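In the numbering used here, the protein residues as written are 6 to 122.
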């Protein structure tokens, strides 16, 4: 059974930082591209950042230079370091991976990030 569990969300002031974590089980973590998405109520879920098995990264333009995605294959965990947070970063952040041998993608339940003074 594939599981993705996010943690690290919370309330932070503008300009602050948070680090999200997503720990996986039931997959060969090191083989998979891992992604972070976010969704604000009333808006579409959008890709924030992704990291391949080889460590190549991709970011949404809105977070470039502020967010950093990384992975620790020994801990089956992907991270999202978020700096210089803005109110528009407020959303539920989801971890996602596509498992090719299963032919499906898996989502975590999400963690709320709220940026407000």
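Backbone N, C-alpha and C fix where the C-beta goes; we use that ideal spot for every residue, glycine too.
All figures in this text were calculated on a predicted structure; none of them were measured in a lab.
Beta-carbon spacing of residue i, residue j below 7 angstroms
i           : j          : result
residue 43  : residue 98 : yes
residue 71  : residue 89 : yes
residue 116 : residue 14 : yes
residue 31  : residue 8  : yes
residue 25  : residue 85 : yes
Nonlocal neighbours in the same chain, by C-beta distance under 8 angstroms from residue i, ignoring five residues either side
i          : result
residue 57 : 38
Bridge-paired residues (DSSP) for residue i
i           : result
residue 77  : 82
residue 68  : In DSSP, residue 68 forms no bridge with anything.
residue 11  : 27
residue 109 : 104
residue 62  : 56
residue 97  : 44 and 117
Neighbourhood of residue i by C-beta, 7 angstroms cutoff - its chain only, sequence neighbours within 5 removed
i          : result
residue 34 : 78 and 81
residue 64 : 54 and 72
residue 21 : 90
Check: residue i C-beta below 6 angstroms from any heavy atom of the ligand SAM
i          : result
residue 25 : Ligands displayed in this structure: none; no statement on the ligand SAM is therefore possible.
Reference residue i; option with closest CA among the options
i          : options            : result
residue 11 : 20, 29 and 63      : 29
residue 61 : 21, 74, 106 and 51 : 74
residue 3  : 65, 114 and 52     : Residue 3 cannot be examined here, being either before or after the span of the chain that is shown, 6 to 122.
Segment limits, beta strand (DSSP E) that includes residue i
i           : result
residue 56  : 51-56
residue 38  : That residue, residue 38, is in no beta strand (DSSP E); it is neither H nor E in DSSP.
residue 15  : 15-17
residue 116 : 116-120
Proximal residues to residue i (C-beta, below 6 angstroms), its chain only, five neighbours per side dropped
i           : result
residue 103 : 110
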